[in-house]
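Since the structure comes first, as structure tokens, the remarks are kept for the end.
In this note's numbering, the protein residues as written are 126 to 227.
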């Protein structure tokens, strides 16, 4: 079981603190973002991938209007910052938006 925690202003945007994913094999962050997007009825689009962070577009429905938010995010896996090529299966993954956008 993989627990996904939404941190900072991402909690307010999604109106969720966390979700649980039951995945059978290790997955890369890109694959996990697709699964997370489906689970929250939204979509993440990767704009830029660096070694230690990503710039993402999060497509959301705000007051009935389709919109997107661009943000720079880091990922913490079991309370440690990880590189963007790490494969993940169990534990806790935190998605942490950084100030400054893309």
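Cβ coordinates follow ideal geometry from the N, Cα and C atoms, glycine included.
It should be emphasised that the depicted structure is a prediction, and the values quoted were computed from it without experimental measurement.
Open item on the list: Tell me which residues share the same chain as residue 199 and place their Cβ nearer than 7 angstroms to its Cβ, disregarding the 5 neighbours each side in the sequence.
Closed with: 177, 178, 206, 221 and 223
Task: Continuous beta strand (DSSP E) stretch holding residue 172: start and end - done: 168-174
Task: Residues that residue 143 bridges to, as DSSP identifies them - done: 130
- [ ] Look up residue 162 in the DSSP assignment and say whether it is helix, strand or coil.
- [x] helix
Open item on the list: Less than 9 angstroms between the C-beta atoms of residue 216 and residue 127, yes or no?
Closed with: yes
Task: Neighbourhood of residue 136 by C-beta, 8 angstroms cutoff - its chain only, sequence neighbours within 5 removed - done: 142
Task: Check whether residue 129 and residue 219 have beta carbons under 9 angstroms apart - done: yes
Open item on the list: Which residue marks the beginning of the beta strand (DSSP E) containing residue 216, and which one marks its end?
Closed with: 216-223
Open item on the list: With DSSP as the reference, identify every bridge partner of residue 191, one or two as the case may be.
Closed with: 186
TODO: Whole angstroms is fine: what's the gap from residue 182's alpha carbon to residue 147's?
DONE: 24 angstroms
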